[in-house]
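Data first, discussion second: the structure below is written as structure tokens.
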Amino acid sequence: MRTFDVTVIGGGPAGLAAAISAEKEGARVLLIEREARLGGVLKQCIHDGFGVIRFGEKLSGCEYGARFIKELEKTSVEVSCLTFASKIEKTEEGFLLTLIKRSGLEEISTKTIVLATGCRERTAKQVSIHGSRPAGVFTAGTAQYYLNVMGQMPGKRCVILGSGDIGLIMARRLTLEGAEVLGVYEAKPTPSGLMRNIYQCLNDFEIPLHLSHTVTRVHGDGRVCGVTTAKVDEKMQPIAGTEEYIECDTLILSVGLIPENELAEMLGVKLDPSTKGALCDQLYMTMTDGVFSCGNALHVNDLADYVSESGDEAGKNAARYAAHKRELAEVHFDRNFLYVVPQRIDLTDKSKPAVFFFRSSEERKKTRVRLLLNGTEILKKTYQNLRPPEMERLSVDLSALPLEASSKLEFVMEELPS
Amino acid sequence: MDPRQKELLKRFGSNVTLEEKEGCVYLSGEVSSWEDAVSAGQLCAKSGSKTHVVNDIRVSGLEMKETKIPRFTDDAIDGKRPDVLIIGAGVVGCAIARELSKWKLDVLLVEKEYDVALHASSRNDGMVHPGIDIHPGLVKKKLNNRGNRMYTRICSELNVPFDRCGQFLCFDRKNILPILYMTLPYWLLTGVGATRVHTYDSLRKKEPDVSPEVKCALEFKRAGIVCPYGLTIAYAENAVQNGVKLSLDTAVLKMKLVDGRIKAVKTNRGTVFPKLVINAAGVFAEDIAEMAGDRFFSIHPRKGTNSILDRKARRFVNTTYSLMGTQSKDEHTKGGGVVGTVDGNVLVGPDAIETPDKENFDTDAKSIKNTFLRHSQVAPWLKSGDIITYFTGVRAPTYEEDFIVEPGRRTKNLLHAAGIQSPGLTAAPAIGEKIAKLAIKKLKKTGRVEKNAAFDPVRVPILRPSEMSKAERAALIEREPDYGEIVCRCEEVSRGEIIAALHRPVPCATVDGVKRRVRPGMGRCQGGFCGPLVLKLISQNLDIPEEKVRKGTQDSELLFGPKGAAL
Amino acid sequence: MKKDLICISCPNGCRLSAELLPDGAVTVTGNACPRGEAFAQTELTHPMRSLTTTVRTAFPEMPVLPVRTKGEIPKEMIWTVMGSLSAFVLDKKVRCGDVVIDDVAGTGCSIIATLDL
Chain C
128 MRTFDVTVIG GGPAGLAAAI SAEKEGARVL LIEREARLGG VLKQCIHDGF
178 GVIRFGEKLS GCEYGARFIK ELEKTSVEVS CLTFASKIEK TEEGFLLTLI
228 KRSGLEEIST KTIVLATGCR ERTAKQVSIH GSRPAGVFTA GTAQYYLNVM
278 GQMPGKRCVI LGSGDIGLIM ARRLTLEGAE VLGVYEAKPT PSGLMRNIYQ
328 CLNDFEIPLH LSHTVTRVHG DGRVCGVTTA KVDEKMQPIA GTEEYIECDT
378 LILSVGLIPE NELAEMLGVK LDPSTKGALC DQLYMTMTDG VFSCGNALHV
428 NDLADYVSES GDEAGKNAAR YAAHKRELAE VHFDRNFLYV VPQRIDLTDK
478 SKPAVFFFRS SEERKKTRVR LLLNGTEILK KTYQNLRPPE MERLSVDLSA
528 LPLEASSKLE FVMEELPS
Chain Z
226 MDPRQKELLK RFGSNVTLEE KEGCVYLSGE VSSWEDAVSA GQLCAKSGSK
276 THVVNDIRVS GLEMKETKIP RFTDDAIDGK RPDVLIIGAG VVGCAIAREL
326 SKWKLDVLLV EKEYDVALHA SSRNDGMVHP GIDIHPGLVK KKLNNRGNRM
376 YTRICSELNV PFDRCGQFLC FDRKNILPIL YMTLPYWLLT GVGATRVHTY
426 DSLRKKEPDV SPEVKCALEF KRAGIVCPYG LTIAYAENAV QNGVKLSLDT
476 AVLKMKLVDG RIKAVKTNRG TVFPKLVINA AGVFAEDIAE MAGDRFFSIH
526 PRKGTNSILD RKARRFVNTT YSLMGTQSKD EHTKGGGVVG TVDGNVLVGP
576 DAIETPDKEN FDTDAKSIKN TFLRHSQVAP WLKSGDIITY FTGVRAPTYE
626 EDFIVEPGRR TKNLLHAAGI QSPGLTAAPA IGEKIAKLAI KKLKKTGRVE
676 KNAAFDPVRV PILRPSEMSK AERAALIERE PDYGEIVCRC EEVSRGEIIA
726 ALHRPVPCAT VDGVKRRVRP GMGRCQGGFC GPLVLKLISQ NLDIPEEKVR
776 KGTQDSELLF GPKGAAL
Chain V
545 MKKDLICISC PNGCRLSAEL LPDGAVTVTG NACPRGEAFA QTELTHPMRS
595 LTTTVRTAFP EMPVLPVRTK GEIPKEMIWT VMGSLSAFVL DKKVRCGDVV
645 IDDVAGTGCS IIATLDL
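Chains as they are written, first to last, in the working numbering: chain C, 128 to 545; chain Z, 226 to 792; chain V, 545 to 661.
Following this line, the structure appears as structure tokens:
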């Protein structure tokens with residue numbers, strides 16, 4: 128049986144970074160990718176805006192991925208594409224993985240695992256869209272695959288539900304290819320995607336954005352022939368009498384992403400209900416020793432650059448991992464936060480600053496975020512705007528802090544008069 | 226005055242009239258809502274009676290939907306002279322076809338849809354009922370009891386997963402316990418079979434996650450679960466393998482009768498001249514009977530919606546369970562509750578809503594909400610967040626709420642398998658057997674009918690590597706690497722399985738068809754990742770351009786063609 | 545007249561309030577960095593965009609190839625460029641970064657591949 132120090136599951140932006148950084152630490156690394164080619168979702172992200180933070184340039188998703196793949200090729204990482212991790216079991220030495228690939232079924236042993244399994248899209252049924260079940264209802268990512276990878280038009284007259292970034296990007300993409308995008312409908316009173324995407328994907332092409340509106344029903348036998356939209360109240364419930372029928376052949380959904388954690392669950396890794404990813408410490412190790420998580424599997428990121436950063440760290444820490452008893456302090460946060468990651472601090476390693484990512488629970492103007500240790504402020508930062516779609520990053524130096532497992536470490540957020 | 230007419234007069238004034246003749250109760254007139262039309266029919270019907278209500282009451286302002294039929298015509302079956310023509314390839318039609326393939330007969334099975342099992346046979350909860358709430362005098366009681374007992378053998382021959390897991394009927398009152406013990410002889414007597422009374426504790430050993438409110442339960446051990454479309458497809462495949470001709474996309478349009486016999490049956494794919502016709506047309510059984518000059522019953526469609534929960538929820542259900550009194554309000558709708566499926570999901574439902582539209586498969590938020598509310602009394606762990614999808618089916622009851630499995634009353638060369646609703650899936654093997662027996666009897670009158678010596682009862686299934694042992698799976702992948710390439714990750718379906726599904730005795734060329742056979746897209750991502758890959762495999766293997774590959778039914782092409790060229 | 549813009553130079557998406565003065569100068573507020581100022585300047589005078597799309601290829605294993613403009617083109621030229629790409633079919637293998645079309649639609653900007661073919 129082949130043995131590895133680090134096995135990275137998933138060859139997208141998180142997994143690529145993790146494999147490269149683990150190998151740099153001298154680990155024997157295996158990178159598993161389910162598809163035929165590395166890159167994950169970057170392969171279909173032909174739009175630009177990637178890499179501004181990491182490389183200081185605006186790259187397309189494909190180019191961004193290619194940089195990592197090129198770097199990976201220079202390493203000794205063993206890459207196994209078209210490979211599916213069917214089963215993971217805990218063993219004395221680490222973990223036993225059952226891999227399915229065209230060349231056969233292989234069991235390998237690994238000391239640590241980095242879960243870089245990305246996320247999946249929420250579907251029509253998960254947002255309670257009813258009516259008939261015709262062809263022409265696609266998630267934005269599936270439509271993106273059809274158009275950008277297969278070169279096929281998934282729709283001619285499209286309605287988009289949800290203003291997530293992929294939905295906005297697809298609104299522009301379909302318009303450029305000659306389809307008509309009749310409008311983007313968002314049940315929330317504020318957009319779900321990045322502001323720059325509202326600006327350059329919708330405004331540039333005069334695509335209307337209908338906030339506080341949703342699609343309630345799909346019509347059509349074979350193909351979609353129309354949808355019913357309605358205004359929604361504060362509880363996002365459709366308001367009777369506001370229904371409108373819109374003739375279209377395609378409904379595209381961009382209604383949220385869910386971290387993929389089926390393998391994590393197989394290992395009994397504890398998940399955080401607010402991120403739907405694993406609970407982890409500042410070294411990206413989950414509550415299961417030896418199992419690390421990064422990228423969109425950990426929590427859905429707004430930028431690939433942050434995904435790669437978490438991959439770097441998770442890979443490096445997995446390579447350096449030596450079994451030890453962790454001493455964990457919990458990270459608290461008030462209800463103005465949607466979530467904060469990491470949720471724990473391992474006090475046995477305070478040598479490096481901890482990097483926190485958070486999202487605000489709602490859209491706010493001028494806001495101050497403070498970190499308190501047993502009630503004493505140890506850090507503060509003021510933001511001009513905070514929006515749930517935009518993730519914020521805070522680096523905190525732990526080395527000098529009198530932090531103990533019993534300490535109360537708490538993030539608080541307060542809106543300031545503008 | 227006929228007391229029923231009196232009651233009609235009271236309810237609907239002189240708008241509705243009743244006439245009893247030729248063993249039927251004919252209703253005519255006009256009412257203002259579909260519910261009224263149905264309740265008029267129900268008012269005049271006697272449960273299980275052989276005198277059926279034929280309901281011709283119109284609803285003012287309601288335009289009845291036309292039956293969806295294939296838009297194309299050709300001559301694929303034109304001029305054929307089969308011994309038997311079976312109309313409808315649901316589980317009943319396919320079971321009949323397979324039974325008849327044990328004989329040296331020319332059997333033609335026609336189906337208006339693009340695949341088998343597309344109506345009620347794929348849109349139910351897959352329960353194989355013990356028959357607890359069926360009156361012993363009904364036709365369906367006998368067929369249910371017989372069908373239930375046939376399942377183990379049929380499913381082993383057809384290689385379809387079947388689990389006789391049992392069913393728990395739960396009660397929230399402790400003082401009912403002595404009464405439950407008293408019912409035991411009744412279950413034995415009525416063919417329900419092995420039944421056990423469970424106390425609070427013994428129930429928890431079997432189903433630890435039922436609501437703490439449940440105080441005791443009856444366990445019906447003969448209850449089971451099966452994949453209903455999996456079984457139908459298997460029946461059809463085995464029938465075809467044994468010589469039955471299956472013609473899909475074939476709608477019966479008209480029949481020509483001479484001297485009380487069907488001479489010719491016109492379809493969109495040509496006219497055929499069968500010796501014997503079998504009506505297994507589900508919700509359309511009444512329409513077929515009408516064409517055949519033998520309409521002596523009415524079907525009133527009743528839809529029901531089920532939710533499918535993520536595999537995660539399966540740990541809360543070992544079998545199937547429901548709380549007494551919370552099952553579907555309609556007493557004629559069997560089952561319901563939470564059902565652990567053979568594929569590892571959980572079903573919740575169904576409800577029962579009368580509808581004029583026989584093909585109304587629309588779902589509504591209200592149905593889902595109501596069934597969840599209802600069944601969370603027995604299953605407090607139900608979370609709407611675990612729903613991965615939902616579906617609606619339409620049942621095909623007569624007003625007498627019993628099955629009609631008998632020869633035509635006016636037309637001589639006709640057999641009906643009509644009014645089949647729940648427990649139709651359970652009864653299907655027995656209906657197949659009974660109709661085949663009637664058919665052979667009729668055919669023997671006009672000539673010799675011999676056994677088909679070559680009949681092979683065994684259907685070879687599509688290999689399922691994820692369920693094999695490691696060694697078996699490794700050996701298979703070594704022989705055929707396609708089984709080592711996973712296309713659908715949620716359900717762990719390999720490329721090999723998908724390609725195999727495209728080359729079976731019953732043709733399959735659609736994304737949904739592949740999904741029903743080998744499950745890509747059935748999981749939590751609902752085909753978000755594998756949908757395009759399945760589409761490409763269909764395109765490559767069957768040589769269909771990508772933009773011509775359909776989701777399912779006609780006009781359901783998924784793509785508009787290569788960019789640039791398409792617009 | 546003041547105009548509200550969203551800076552698209554980086555993911556921060558700063559909300560800018562910008563005004564084009566009669567002398568051609570632009571005043572900007574709301575920007576977190578100098579890129580915001582430059583963005584507002586061009587956005588109010590001659591808006592520029594980079595264009596990302598795909599071109600069809602003659603190779604069935606990769607029917608379309610992702611491409612982008614090398615640099616930015618005037619916003620109003622987007623449809624002209626898309627039009628000139630619609631008839632184009634790439635029939636030679638290229639690598640990521642290679643020029644696919646030189647000086648597309650007279651913009652002076654080339655179209656480059658963003659993936660290996």
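For glycine and all other residues, C-beta sits at the position ideal for the given N, C-alpha and C.
Within chain V, partners of residue i - CB distance below 9 Å
i, result
"Pro787/Z", "Arg600, Pro607 and Val608"
Residues that residue i contacts on chain Z, provided the C-beta gap is smaller than 8 Å
i, result
"Ser628/V", "The contacting residues do not exist; Ser628/V stays about 12 Å from chain Z at best."
"Gly282/C", "Phe785"
"Thr91/C", "This structure leaves residue 91/C out entirely; chain C is present only between 128 and 545."
Residue j beta carbon less than 8 Å from that of residue i
i, j, result
"Leu309/C", "Cys375/C", "yes"
"Gly137/C", "Gly166/C", "no"
"Thr298/Z", "Arg494/Z", "yes"
"Thr651/Z", "Val353/Z", "yes"
"Ala270/C", "Met297/C", "yes"
"Tyr411/C", "Ser437/C", "yes"
"Pro604/V", "Gly278/C", "no"
"Thr413/C", "Arg284/C", "no"
"Gly644/Z", "Ala505/Z", "no"
"Asn275/C", "Ile173/C", "yes"
"Pro648/Z", "Leu640/Z", "no"
Buried versus exposed call for residue i [16 or more other C-beta atoms within 10 Å across all chains shown]
i, result
"Asn280/Z", "buried"
"Cys246/C", "buried"
"Lys362/C", "exposed"
"Thr237/C", "buried"
"Thr651/V", "buried"
"Leu471/Z", "buried"
"Gln511/C", "exposed"
"Ile404/Z", "exposed"
"Met226/Z", "exposed"
"Thr475/C", "exposed"
"Pro757/Z", "buried"
Bridge partner(s) assigned by DSSP for residue i
i, result
"Ser392/Z", "The residue asked about is misnamed: residue 392/Z is Gln in this sequence, not Ser. Answer is Phe445/Z, bridged to Gln392/Z."
"Ser547/Z", "Leu394/Z"
"Tyr372/C", "Thr355/C"
"Asn360/C", "Reading the sequence as shown, one finds Asp at residue 360/C and not Asn. Bridge partners of Asp360/C: none, in fact."
Contact set between residue i and chain C, taken where Cβ atoms lie within less than 9 Å
i, result
"Cys554/V", "Gly176, Val179, Ile180, Lys185 and Arg323"
"Ser654/V", "Those within 9 Å of Ser654/V in chain C number zero; the least Cβ separation is about 15 Å."
"Ser772/Z", "Checking the sequence, you will find Glu at residue 772/Z rather than Ser. Gln279 and Met280, listed in chain order."
"Lys676/Z", "Here the premise fails: no neighbours, minimum Cβ distance about 43 Å."
Interface residues of chain V facing residue i [CB-CB closer than 7 Å]
i, result
"Met277/C", "Pro607"
Residue i Cβ short of 7 Å to the ligand FAD heavy atom set
i, result
"His277/Z", "As for the ligand FAD, it is missing from this structure, which has no ligand bound."
Contact list for residue i against chain Z, beta-carbon separation under 9 Å
i, result
"Leu390/C", "None at all; the shortest Cβ gap to chain Z is about 10 Å."
Chain C residues whose Cβ lies nearer than 7 Å to that of residue i
i, result
"Pro757/Z", "Thr269, Tyr272, Tyr273 and Met277"
Residue i: contacting residues in chain Z (beta-carbon distance under 7 Å)
i, result
"Ser255/C", "Ala590"
**Item:** Contacting positions in the stretch 588-605 of chain Z - beta carbon closer than 7 Å to chain C
**Value:** Thr588, Asp589 and Ala590
**Item:** Positions along the stretch 397-409 of chain C whose CB lies within less than 9 Å of some CB in chain Z
**Value:** none
**chain C contacts made by the stretch 698-725 of chain Z, where a contact means CB separation under 7 Å** = Arg698, Ala699, Ile702, Glu703, Pro706, Gly709, Glu710, Ile711, Arg714 and Glu717
**Request:** Determine which residues of the stretch 293-310 of chain Z have a Cβ less than 9 Å from any Cβ of chain C, and write them out in chain order.
**Result:** Lys293
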